[in-house]
Amino acid sequence: MRIKLINPNTTQSMTDLIGDAARAVAAPGTEILAVTSRSGAASIEGHYDEAMSIIGLVDEIMDGPAADAYVVACFGDPGLLAARELTGAPVFGIAEAAMHAATFVATGFSVVTTLERTRIIAEHLVRNYGMQNHCRRVRATDVPVLELEKPESNARAIILAECERALSEDRSEAIVLGCAGMADLAKFLEDRLQVPVIDGVVAAVKFAEAIVGMGLKTSKRGDLAYPLPKTYRGKLAGYAPDTRLADRLTARKVS
Ligand code: 2AL
Numbered sequence: 011m012r013i014k015l016i017n018p019n020t021t022q023s024m025t026d027l028i029g030d031a032a033r034a035v036a037a038p039g040t041e042i043l044a045v046t047s048r049s050g051a052a053s054i055e056g057h058y059d060e061a062m063s064i065i066g067l068v069d070e071i072m073d074g075p076a077a078d079a080y081v082v083a084c085f086g087d088p089g090l091l092a093a094r095e096l097t098g099a100p101v102f103g104i105a106e107a108a109m110h111a112a113t114f115v116a117t118g119f120s121v122v123t124t125l126e127r128t129r130i131i132a133e134h135l136v137r138n139y140g141m142q143n144h145c146r147r148v149r150a151t152d153v154p155v156l157e158l159e160k161p162e163s164n165a166r167a168i169i170l171a172e173c174e175r176a177l178s179e180d181r182s183e184a185i186v187l188g189c190a191g192m193a194d195l196a197k198f199l200e201d202r203l204q205v206p207v208i209d210g211v212v213a214a215v216k217f218a219e220a221i222v223g224m225g226l227k228t229s230k231r232g233d234l235a236y237p238l239p240k241t242y243r244g245k246l247a248g249y250a251p252d253t254r255l256a257d258r259l260t261a262r263k264v265s
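Shown next as structure tokens:
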């Protein structure tokens with residue numbers, strides 16, 4: 011099967027990192043197609059960055075080779091439900107996948123994320139996903155997303171210290187990593203913390219394999235049905251769903 015892993019930020023080095031994390035866990039026979047969004051912010055750290063990232067995400071769902079499943083590899087899960095409208099193939103957000111994975115291995119988890127403002131976005135997701143009974147706290151480290159890649163930023167040590175505080179102060183038994191750019195930290199942290207550390211990229215890829223393996227598709231009854239044909243004006247005129255959109259999308263086959 012083919013899983014298209016979409017990095018909705020425009021930083022190629024981060025796509026390489028998450029592609030490597032995905033390939034390390036993918037089953038034999040799973041092809042990981044890791045792509046970088048062609049438009050939008052270098053890093054996604056707020057509501058505006060998220061909103062601006064969704065056109066690039068839509069382009070990646072609509073264009074290029076079709077896939078059996080799609081992963082939105084940003085912890086805010088930007089555009090997740092819009093992406094689910096556009097394809098019958100299942101679409102996974104890394105935050106939703108990571109939080110669900112955590113509930114299988116612990117009764118309570120903490121999310122450790124990047125900036126304070128993304129902490130608030132992650133708290134919204136906890137409520138949207140009905141995870142209030144499982145998520146004990148969302149913690150920010152104030153490490154900007156692109157600093158994760160720089161050894162001189164000391165990001166590893168800062169994140170490790172925040173995870174240690176989470177375990178001792180939040181009564182949590184597992185850690186959910188709150189950024190796709192932390193995918194390479196899971197093993198390092200798990201070795202030191204001795205609790206499950208869940209990276210959403212890995213969780214989403216393994217859930218994608220399972221759900222595709224179960225033969226499940228996104229329901230096209232209700233709000234995840236293909237978008238209704240209508241006129242769009244201005245800069246978005248080219249994105250208007252026409253009467254043939256649903257037929258075109260349904261006809262997309264994985265080669
Ligand atoms: C993210 C992420 O996963 N990628 C990105 O650019 N921003 N989310 C976050 N909370 O820092």
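For what it's worth, my numbering labels the leading residue of the sequence shown as 11, then goes sequentially.
The C-beta atom is built at its ideal place from N, Cα and C for all residues, glycine as well.
For clarity, every value in this text was computed on a predicted model and none was experimentally measured.
Using 8 Å for Cβ pairs, my map puts residue i next to residue j. What's the rounded Cβ distance?
i	j	result
residue 234	residue 202	Not really, about 40 Å apart at Cβ, beyond 8 Å.
residue 157	residue 163	4 Å
residue 65	residue 211	Not confirmed; about 22 Å, so no contact.
residue 216	residue 35	6 Å
Tell me the residue span of the alpha helix (DSSP H) that contains residue i.
i	result
residue 23	22–35
residue 55	It is not in any alpha helix (DSSP H) - residue 55 carries neither H nor E in the DSSP assignment.
residue 253	Taken as a continuous stretch (DSSP letters only), residue 253 belongs to no alpha helix (DSSP H), as it is neither H nor E.
residue 262	Run containing residue 262: none; DSSP gives neither H nor E here.
residue 9	Residue 9 cannot be examined here, being either before or after the span of the chain that is shown, 11 to 265.
residue 229	Neither: residue 229 is in no alpha helix (DSSP H) and is coded neither H nor E.
residue 170	165–179
On the DSSP bridge assignment, give the partners of residue i in chain order.
i	result
residue 14	43, 80
residue 120	147, 185
residue 101	80
residue 207	185
Within this structure, are the beta carbons of residue i and residue j separated by less than 8 Å?
i	j	result
residue 213	residue 92	no
residue 51	residue 62	yes
residue 180	residue 192	no
residue 184	residue 261	no
residue 25	residue 53	no
residue 42	residue 48	no
residue 228	residue 239	no
residue 190	residue 182	no
residue 16	residue 83	yes
residue 86	residue 60	yes
Starting from the C-beta of residue i, find all residues in its chain whose C-beta is less than 7 Å away, skip the five residues before and the five after it, and write them out in chain order.
i	result
residue 125	55, 150, 152, 154
residue 114	none
residue 264	12, 76, 77, 78
residue 27	191, 193, 194
residue 127	55, 56
residue 165	153, 157, 158
residue 23	159
residue 242	249, 250
Can you name the start and end residues of the beta strand (DSSP E) that residue i belongs to?
i	result
residue 129	Residue 129 -> not in any beta strand (DSSP E); alpha helix (DSSP H) instead, spanning 126–138.
residue 234	No beta strand (DSSP E) holds residue 234; DSSP gives it neither H nor E.
residue 145	145–150
Below 6 Å CB to CB, which residues in the same chain sit around residue i once its five sequence neighbours on both sides are set aside?
i	result
residue 129	123, 148, 150
residue 79	13, 99, 100, 218, 222
residue 121	132, 148, 186, 188
residue 94	101, 228, 234
residue 135	105
residue 200	207
residue 196	207, 209
residue 89	64, 67
Going by beta carbon distance, what residues of the same chain come within less than 8 Å of residue i, once the five residues before and after it are set aside?
i	result
residue 96	68, 71, 72, 236, 237, 259
residue 37	219
residue 142	136
residue 118	144, 145, 146, 180, 181, 182, 183, 184
Counting only beta-carbon atoms, is residue i nearer than 8 Å to chain D?
i	result
residue 189	In the structure shown, chain D cannot be found, because there is only a single protein chain.
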